[in-house]
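Okay, so here's the structure we're looking at.
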Amino acid sequence: MNILTFRTNQELNAAGAGIITGLIQTNPRAVLGLATGSTPIGIYEELVSSFKKGLVSFKLATSFNLDEYAGLPLDHPESYHAYMDQHLFRHIDMPAAQRHIPNGTAADLEAECRRYDLLLEEAKQIDLQILGLGHNGHIGFNEPDQSLNSGTHVVKLRESTRQANARFFDSIEQVPTHALTMGVGMILKAKTILLVVRGKDKAEIVHEALTGPIRTEIPASLLQTHPNLVVLLDEEAGRCFH
Ligand code: F6R
1 MNILTFRTNQ
11 ELNAAGAGII
21 TGLIQTNPRA
31 VLGLATGSTP
41 IGIYEELVSS
51 FKKGLVSFKL
61 ATSFNLDEYA
71 GLPLDHPESY
81 HAYMDQHLFR
91 HIDMPAAQRH
101 IPNGTAADLE
111 AECRRYDLLL
121 EEAKQIDLQI
131 LGLGHNGHIG
141 FNEPDQSLNS
151 GTHVVKLRES
161 TRQANARFFD
171 SIEQVPTHAL
181 TMGVGMILKA
191 KTILLVVRGK
201 DKAEIVHEAL
211 TGPIRTEIPA
221 SLLQTHPNLV
231 VLLDEEAGRC
241 FH
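To convert, note that position 195 of the sequence shown is 195 in UniProt numbering; the numbers rise steadily by one, no gaps.
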């Protein structure tokens with residue numbers, strides 16, 4: 001595990017984007033695992049800027065997003081489809097057919113999960129998986145539980161997660177109750193994992209997840225078992241490591 005702490009957001013974003021562009025420059029066909037939420041936005045901005053400067057092309061790359069809300073229309077501004085389009089896809093040259101996000105509006109959500117797992121299987125392995133961290137230790141939408149799923153599955157969101165995400169909606173009632181998410185097993189199969197955490201409100205959970213006992217009640221603690229884990233923290237999130 002390699003934990004890097006940055007003084008400024010700008011340095012953190014540049015480091016995160018640098019890891020991704022470096023990968024694609026050496027392996028243009030790289031398979032990226034992407035996250036949404038507030039954490040990676042600055043990294044995506046840097047990626048767009050590198051693309052615009054001609055430093056990287058995503059033409060041959062493929063991407064798989066971690067998760068999507070269930071039942072939210074794909075063009076809803078808070079859907080993860082809309083997020084990815086707004087923050088990354090519309091600005092870069094990755095062909096639409098190479099970008100994958102679970103479809104939370106599918107009539108049969110279980111079938112959609114199987115379809116997504118088949119696509120992931122065909123892609124063989126995610127080269128670099130970007131992750132944010134939930135306040136309760138969730139990764140993707142794998143919430144704390146007695147056991148964790150390996151493959152893509154439908155989850156009921158914890159109230160704490162819905163509350164944390166309510167800031168993006170007009171009211172908590174509008175936050176979907178369920179989501180589709182890649183499983184922890186699939187996340188751990190990625191060649192490299194890039195965990196990004198910002199802010200003092202996540203200082204304790206990131207410290208506990210990376211140094212405490214490995215247990216399914218803190219899904220991110222399973223990342224300790226991964227052979228290639230890179231963690232990018234801002235100073236506030238890294239407070240407990242000093
Ligand atoms: C998003 C995702 C979530 C977020 C986590 C942190 O695709 O999988 O696990 O990474 O909820 O969210 P932010 O970054 O908004 O604090």
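Every residue, glycine too, gets a C-beta built ideally from N, C-alpha and C.
Quick caveat: nothing in here was measured; it's all calculated off a predicted structure.
Grouping DSSP H, G and I as helix and E and B as strand, with all else coil, what is residue i?
| i | result |
| --- | --- |
| Ala-35 | coil |
| Val-175 | coil |
| Leu-232 | strand |
| Asn-2 | strand |
| Phe-51 | helix |
| Leu-223 | helix |
| Glu-68 | strand |
| Arg-115 | helix |
| Thr-21 | helix |
| Thr-152 | coil |
| Asn-27 | coil |
| Leu-74 | coil |
| Ile-126 | coil |
| Arg-239 | helix |
| His-81 | helix |
| Leu-194 | strand |
Is it the case that the CB of residue i approaches a heavy atom of the ligand F6R more closely than 7 angstroms?
| i | result |
| --- | --- |
| Ile-139 | yes |
| Gly-132 | yes |
| Leu-66 | yes |
| Ala-190 | no |
| Ala-209 | no |
| Ser-79 | no |
| Thr-177 | no |
| Thr-225 | no |
| Ala-166 | no |
| Ala-35 | yes |
| Ser-38 | yes |
Whole angstroms is fine: what's the gap from residue i's alpha carbon to residue j's?
| i | j | result |
| --- | --- | --- |
| His-91 | Arg-115 | 27 angstroms |
| Gly-71 | His-178 | 8 angstroms |
| Asn-165 | Thr-36 | 11 angstroms |
| Glu-173 | Leu-109 | 21 angstroms |
| Val-175 | His-76 | 12 angstroms |
| Gln-146 | Pro-227 | 24 angstroms |
| Phe-89 | Ile-126 | 18 angstroms |
| Glu-122 | Ala-237 | 36 angstroms |
| Gln-98 | Thr-62 | 5 angstroms |
| Ser-50 | Tyr-44 | 10 angstroms |
| Lys-53 | Lys-124 | 31 angstroms |
| Arg-7 | Ala-30 | 29 angstroms |
| His-153 | Pro-28 | 30 angstroms |
| Gly-132 | Pro-40 | 7 angstroms |
| Phe-168 | Tyr-80 | 12 angstroms |
| Ser-171 | Ala-209 | 30 angstroms |
| Ser-57 | Cys-240 | 38 angstroms |
Since residue i and residue j are thought to touch, with beta carbons under 8 angstroms apart, how far apart are those beta carbons, to the nearest angstrom?
| i | j | result |
| --- | --- | --- |
| Gly-183 | Leu-148 | 7 angstroms |
| Ile-20 | Leu-55 | The Cβ separation is near 11 angstroms, so there is no contact. |
| Met-186 | Gly-212 | Actually they do not touch by this definition, with Cβ atoms about 23 angstroms apart. |
| Gly-33 | Ile-130 | 6 angstroms |
| Gln-224 | Met-1 | 7 angstroms |
| residue 254 | Leu-74 | No answer is possible for residue 254: the residues shown for the chain start at 1 and end at 242. |
| Gly-42 | Asn-9 | 6 angstroms |
| Leu-180 | Cys-113 | 6 angstroms |
Original post:
Any chance the stretch 204–223 sits against the stretch 138–156, with 3 or more Cβ pairs inside 8 angstroms?
Top reply: Because the criterion of three Cβ pairs below 8 angstroms is met, the stretch 204–223 and the stretch 138–156 touch.
Original post:
Counting Cβ pairs closer than 8 angstroms, one from the stretch 194–201 and one from the stretch 222–239, do we hit at least three?
Top reply: At 8 angstroms Cβ cutoff, the stretches touch.
Original post:
On the three-pair Cβ rule with 8 angstroms, is the stretch 201–209 touching the stretch 155–172?
Top reply: No, the stretch 201–209 does not touch the stretch 155–172.
**OP:** Say whether the stretch 77–95 touches the stretch 130–138, bearing in mind that this needs 3 or more beta-carbon pairs closer than 8 angstroms, one atom from each stretch.
**Re:** Touching, no.
**OP:** Count the CB pairs spanning the stretch 99–113 and the stretch 57–71 that are closer than 8 angstroms, and state whether there are at least three.
**Re:** Between the stretch 99–113 and the stretch 57–71 there are three or more inter-stretch CB-CB distances shorter than 8 angstroms, so the stretches are counted as touching.
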